[in-house]
Amino acid sequence: MTTSRRKRPTQVRLDYELIESLVPDGAKVLDLGCGDGQLLGDLIEHKGCDGRGIEIDEKAVQSCIERGVPVYHGDMVEGLGFYRDDQFDVVILSQTLQQTMNPPEVIREMLRVGRRAIISFPNFGHWAVRLQLLVAGRMPHNRMLPHHWYNTPNVHFCTVKDFREFCARQKLKRVREIFLTARYRRIRRFLANWRAGIAIFQIERAADV
Amino acid sequence: MSIDDAVPISDESRFGGSQSVGLVETNYFTFAEPPNEMELECGQKLGPITLAYETYGTLSPQRDNAVLIVHALSGEAHVAGYHTPEDRKPGWWDIVIGPGKAFDTTKYFVICANILGGCKGSTGPSSVHPATGRPYGLAFPVVTISDMVRAQSVLVDHLGIRRLLTVVGGSMGGFQVLEWAVRYPDRVASAIPIATSARLSAQGIAFNEVGRQAIMADPNWLGGDYYGRAVPQAGLAIARMIGHITYLSDEQMHAKFGRRLQDRREFGYDFKTEFEVESYLKYQGDSFVRRFDANSYLYITKSMDYFDLPARYGSLVRALEHVKAEFLVLSISSDWLFPTYQAKEIVKALKASGVPTTFLELNSPYGHDAFLLPNEPLAATITGFLANVQRRVREGDETRTPPS
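So the sequence lines, in the order shown, correspond to chains A and B.
In terms of our numbering, the first sequence has 40 at position 40, counting the first letter as 1, and numbering is strictly consecutive.
If you count the second sequence from 1, you need to add 1000 to reach our numbering.
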């Protein structure tokens, strides 16, 4: 994915670009918590994907409609329940895992309706987060985590290490891992749990499950 | 569903305003002349059939910009603009139809017809029975939503339109939208059912039946044979009052009327109209009687009661599995006549069938009738959806990818 291919002069985040690069051309894609539909709109426009979204915010849903992205207005788990097994090639959960009430259920549902899941989340193991808690003794508050403890929608933070462990326990196959700094620069896996602000995991059902 | 209350007289939509379709007239199309009567779902034959309809805007040379608006229980063909410069109010959904509005008449060719069984120019129980020379009354066959839609399709043929860009309607209009998409998958590029359901609920049937009982209990009803005499005003007015309550919401009634008294400061300790809400309902009932036929009310509510897509096809998923239209399903948060969960049942079945579907619950305190009121999110949503449908239709890549 290069910027020159884009027709619209929108500001595209690198994590969106990377997620986009993980999606095959023409894939059937479901984006959970799709927001204003930017990622889905790009997938439809650039990769000829058959895209669907689920979003709870009414205003964001309207933006999706204006973009021509088919979207379901409502709760993610409820919306997922509307789909049949294996209806999608790829199911995306971008920067929303930490806001779901029941992450195992969401991920289980993602891999029921889709063959492959792409999940990105802010890494709570990032050094700045650890420092803020250790040195300042305060809840982390930074670019990646802009909310305060009292108004955060985030209820289920995890670290890169936590998520790998979770995959192992749930018998999920980690196909790819991509890491970005808090400023959206791509980095290698070396010390990712310290250095990554954002982690992107591509997971699949283990073959024997 | 209600018209009296819903149409605002905003400055910009006044006659002659730049966003009005201006002066319009009703046209009439007659078909199914004997011996080629239309066979109805009930098995009886009906003909000739006349449909009253209006159109606004221009049909494109490719004939690919036609929008069919289907109306609810008390609607009519006159959906936008004015019949005379003296008209006090425009057509019933003028807020979304006209230059620059959601159904932009500079882009789209808008059609609206009075339903079969209606009393606003289309053939119904108040029309003259060709065999007797007198109004049908209860000799009129019971018509269904399918019959109404099949009649509309003949009109659409007559207008030279193979495929509609969209079919849109709220409430019972939504029934017709679903019927169109199911019955004529190749003739509908998109569908916008609003505040509706795939089958009328027991609660909906219950309210309809109370309305019908009110009409039939009126001594003037005379078994439906009241034409040329006093009409069953009291019964029809009560039916309308009951209906109207179901189109509003508790919250809105409280805000609009509260417990305020009308033209008095203290209780009269009698049974005259005292509360503002009583006065309002009475006004709704009385004005409805002047413009609506009681027998049409019976027939149309009956057609609603019979509507049940899941039962007809075995399940809603099976009903919708051959649909080719893309869908925009809208519900209203405070609608208790057609609650959001009923819209979600449609959405669920559409998704299971792989139909590209957008669902939005509009947040509004105004109850079922909210779709008839000025509603910026509703207008913006339709505008955006329709623009994308038209783009896809013109690009010719609207083909749906069926689920594997």
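Idealized CB from N, CA, C, for every residue including glycine.
Residue i burial status per 10 Å Cβ neighbour count (16 or more: buried)
i	result
E1054/B	buried
F190/A	exposed
Y150/A	exposed
I198/A	buried
I1003/B	Its pLDDT being 47, under 50, I1003/B is placed unreliably in this model, and the coordinates cannot settle the point.
T1340/B	buried
L134/A	exposed
V1128/B	exposed
L1386/B	buried
R176/A	exposed
L1330/B	buried
A1139/B	exposed
P1135/B	buried
Q95/A	buried
Y1056/B	buried
P70/A	buried
Option in the options with minimal Cα separation from residue i
i	options	result
S181/A	R84/A, I19/A, N123/A, C64/A	The displayed chain sequence assigns Thr, not Ser, to residue 181/A. Out of R84/A, I19/A, N123/A, C64/A, N123/A has the C-alpha closest to the C-alpha of T181/A.
G74/A	C1112/B, S1353/B, K1344/B, T1381/B	K1344/B
F1175/B	R1162/B, I1192/B, P1185/B, G1160/B	I1192/B
K1302/B	A1066/B, K1089/B, V1143/B	V1143/B
S1364/B	P1090/B, N1375/B, T1357/B, G1354/B	N1375/B
D57/A	S1171/B, V1128/B, E1361/B, A1217/B	E1361/B
M76/A	D89/A, M101/A, G68/A, K59/A	M101/A
E1326/B	V1355/B, S1127/B, L1337/B, A1319/B	V1355/B
F166/A	H147/A, P146/A, R108/A	R108/A
L1261/B	E1251/B, Y1341/B, T1273/B, R1291/B	T1273/B
I1097/B	S1334/B, V1317/B, S1018/B	S1018/B
A1131/B	L1159/B, A1237/B, E1033/B	E1033/B
R84/A	H141/A, K28/A, I203/A, P153/A	K28/A
L1281/B	S1334/B, H1244/B, R1088/B	H1244/B
R1392/B	L111/A, I178/A, G48/A, E78/A	G48/A
I65/A	A1139/B, A1380/B, R1394/B	A1380/B
A1102/B	S1020/B, E1039/B, D1369/B, V1024/B	S1020/B
K161/A	Y72/A, F82/A, W194/A, S21/A	W194/A
A1151/B	V1323/B, L1350/B, Y1028/B, A1239/B	Y1028/B
G1228/B	G1137/B, P1185/B, C1042/B, F1371/B	G1137/B
F1109/B	H1078/B, S1146/B, I1161/B	I1161/B
Bridge partners - residue i, DSSP secondary structure assignment
i	result
G1170/B	I1194/B
P1135/B	V1128/B
F179/A	I187/A, A199/A
L93/A	L32/A, I119/A
H73/A	E55/A
I1332/B	L1362/B
Y1108/B	Answer is none; Y1108/B lacks a bridge partner.
Y1053/B	N1027/B, A1113/B
M1038/B	L1046/B
C167/A	Beta-bridge pairing links C167/A to no other residue.
Cβ distance (whole Å) where residue i is taken to contact residue j below 8 Å
i	j	result
D15/A	Y184/A	6 Å
S1249/B	G1124/B	Not really, about 31 Å apart at Cβ, beyond 8 Å.
I1242/B	V1277/B	Rounded, the Cβ-Cβ distance is 14 Å, inconsistent with contact.
V1182/B	V1167/B	About 11 Å separates the two Cβ atoms, so there is no contact after all.
E1076/B	N1114/B	5 Å
P988/B	G1081/B	Coverage of chain B is limited to positions 1001 through 1404, which leaves residue 988/B absent and any answer about it impossible.
P1232/B	A1294/B	5 Å
A1195/B	S1171/B	6 Å
- Return the residues of the region 1328 to 1358 of chain B that lie within a Cβ-Cβ distance of less than 8 Å from chain A, sorted by chain order. Cβ contacts with chain A: L1328, K1344, V1347, K1348, K1351, A1352, G1354, P1356, T1357, T1358.
- Message: Under 7 Å, CB to CB, which of the residues in the region 53 to 71 of chain A have a partner in chain B?
- Response: Residues passing the 7 Å Cβ filter: E58, V61, Q62, I65, E66, G68, P70, V71.
- Message: Using a Cβ-Cβ cutoff of 7 Å, what residues of the region 175 to 206 of chain A are near chain B? List them in chain order.
- Response: Hits within the stretch: zero.
- Query: Between the region 81 to 106 of chain A and chain B, which residues of the former have a C-beta closer than 7 Å to a C-beta of the latter?
  - Reply: Listed by position along the chain: F82, Y83, R84, Q87.
- What are the residues of the region 1356 to 1385 of chain B that lie near chain A, defined by any Cβ-Cβ distance shorter than 7 Å? Per Cβ criterion, the list reads P1356, T1357, T1358, F1359, L1360, E1361, N1363, P1377, A1380, T1381, G1384, F1385.
- Item | Positions along the region 1304 to 1331 of chain B whose CB lies within less than 8 Å of some CB in chain A | Answer set for the region 1304 to 1331 of chain B: E1326, L1328.
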